[in-house]
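Numbering (full-length UniProt numbering), first residue to last: 1 to 391.
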């Protein structure tokens, strides 16, 4: 995978956001807990973005992930989760530029699914994903060698969550595996167990565990965690032979912040509240929630809920705030009392978007995301296996 780097300067300097450690000393890379959402950008930037967008016309197609801030979402042609947006981009072959307001692995997926003449732009190359970064290709290849030495690789099917790099998806394609989303993780695991005896699931251990135990009736003892930072990946040969699902030690920095105490506190504070969480939350949280589902499920559940109901939502703060604003007849609150958001997703602010659009208007292609042909081929094999699974 290659990127076209940004030029060292532009004719219109912009206040580009540089996010660092938040006010919460326990925050990790990928999550920011500053006590408040970032202030809105200069209103003049809204006019600049609008002018640049109008100048580009149909040459550009803007994708906005649900976790983006409102000042960016307002310019998106479509919104959605990562896989939906990549498919939306593929459905627009007339667009010369695909501007992806999301994070790096999402832009990679868009590049792999769009035509060769289309250029995928990520307004800030530092907009990565801490969870995707927790499963590096060299680590995964070493883990596969560990499984081979233990005599279980031949009976193991690798499944990667959509929230992973292109080379991890390609690894699954080469080794008989597939990709999954939070919506179809159960279907993907069922398919995998039809192909083999075990599953290596990465990079999010919580989605894998919650799906296996809560949706498929497995026990926690059927699961073992494969830790790339421990000798022998923290497992014995006997562990690998016994377990049915091998969970990579990765997690979402945002969803991992929610705790059982968060659920107990909100139930005490808001009598009758419905707790609705994403399956990337820990097992302790999802087993205490009333409803569990993907981002699209969360959006639909709130939209369909009766007026006057109360909801504590365990997912990214920008989306929760947008749902609360969209449904004022319902009491929609963030599950965590602390103000925490995805710091890498929030790197795509209005200054970065304006900078990218204005460069495109002037004929300069910046921050282009390109995935090489071999990686694209095998990653698409894994994606196609997912799409071919029976519903």
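We put the beta carbon where it would ideally sit given N, CA and C, even for glycine.
Neighbour-count burial assignment, residue i, 16 or more Cβ in a 10 Å radius
{"i": "residue 261", "result": "exposed"}
{"i": "residue 365", "result": "exposed"}
{"i": "residue 236", "result": "exposed"}
{"i": "residue 148", "result": "exposed"}
{"i": "residue 155", "result": "exposed"}
{"i": "residue 446", "result": "Nothing can be reported for residue 446: it is not among the residues displayed for the chain, which extend from 1 to 391."}
{"i": "residue 104", "result": "buried"}
{"i": "residue 349", "result": "buried"}
{"i": "residue 220", "result": "exposed"}
{"i": "residue 68", "result": "buried"}
{"i": "residue 306", "result": "exposed"}
{"i": "residue 321", "result": "buried"}
{"i": "residue 64", "result": "buried"}
Endpoints, alpha helix (DSSP H) assigned at residue i
{"i": "residue 166", "result": "166–174"}
{"i": "residue 285", "result": "283–286"}
{"i": "residue 359", "result": "350–361"}
{"i": "residue 376", "result": "373–388"}
{"i": "residue 321", "result": "317–326"}
{"i": "residue 208", "result": "205–210"}
Contact check, residue i vs residue j, beta carbons under 8 Å
{"i": "residue 203", "j": "residue 135", "result": "yes"}
{"i": "residue 327", "j": "residue 206", "result": "no"}
{"i": "residue 275", "j": "residue 266", "result": "yes"}
{"i": "residue 245", "j": "residue 199", "result": "yes"}
{"i": "residue 127", "j": "residue 354", "result": "no"}
{"i": "residue 344", "j": "residue 172", "result": "no"}
{"i": "residue 109", "j": "residue 91", "result": "no"}
{"i": "residue 346", "j": "residue 121", "result": "no"}
Alpha-carbon to alpha-carbon, residue j and residue i
{"i": "residue 140", "j": "residue 315", "result": "27 Å"}
{"i": "residue 71", "j": "residue 55", "result": "19 Å"}
{"i": "residue 100", "j": "residue 62", "result": "6 Å"}
{"i": "residue 76", "j": "residue 234", "result": "44 Å"}
{"i": "residue 304", "j": "residue 323", "result": "12 Å"}
{"i": "residue 302", "j": "residue 192", "result": "32 Å"}
{"i": "residue 285", "j": "residue 211", "result": "14 Å"}
{"i": "residue 224", "j": "residue 248", "result": "9 Å"}
{"i": "residue 331", "j": "residue 185", "result": "30 Å"}
{"i": "residue 66", "j": "residue 325", "result": "14 Å"}
{"i": "residue 375", "j": "residue 240", "result": "28 Å"}
{"i": "residue 28", "j": "residue 342", "result": "Reliability of the predicted coordinates at residue 28 is poor, the pLDDT of 45 falling under 50, and no value is obtained from them."}
{"i": "residue 338", "j": "residue 272", "result": "21 Å"}
{"i": "residue 142", "j": "residue 317", "result": "36 Å"}
{"i": "residue 157", "j": "residue 95", "result": "37 Å"}
For residue i: DSSP bridge partner residues
{"i": "residue 63", "result": "78, 100"}
{"i": "residue 291", "result": "276"}
{"i": "residue 266", "result": "Looking at the DSSP assignment, residue 266 forms no beta bridge with any residue, so it has no partner."}
{"i": "residue 188", "result": "Residue 188 pairs with nothing; no bridge assigned."}
{"i": "residue 331", "result": "310"}
{"i": "residue 179", "result": "160"}
{"i": "residue 224", "result": "246"}
Terminal residues of the beta strand (DSSP E) in which residue i lies
{"i": "residue 159", "result": "156–161"}
{"i": "residue 230", "result": "No beta strand (DSSP E) holds residue 230; DSSP gives it neither H nor E."}
{"i": "residue 393", "result": "Because the chain is modelled from 1 through 391, residue 393 falls outside the range shown and cannot be assessed."}
{"i": "residue 247", "result": "245–248"}
Contact with chain D by residue i, beta-carbon distance below 8 Å
{"i": "residue 353", "result": "The structure shown contains no chain D, having only a single protein chain."}
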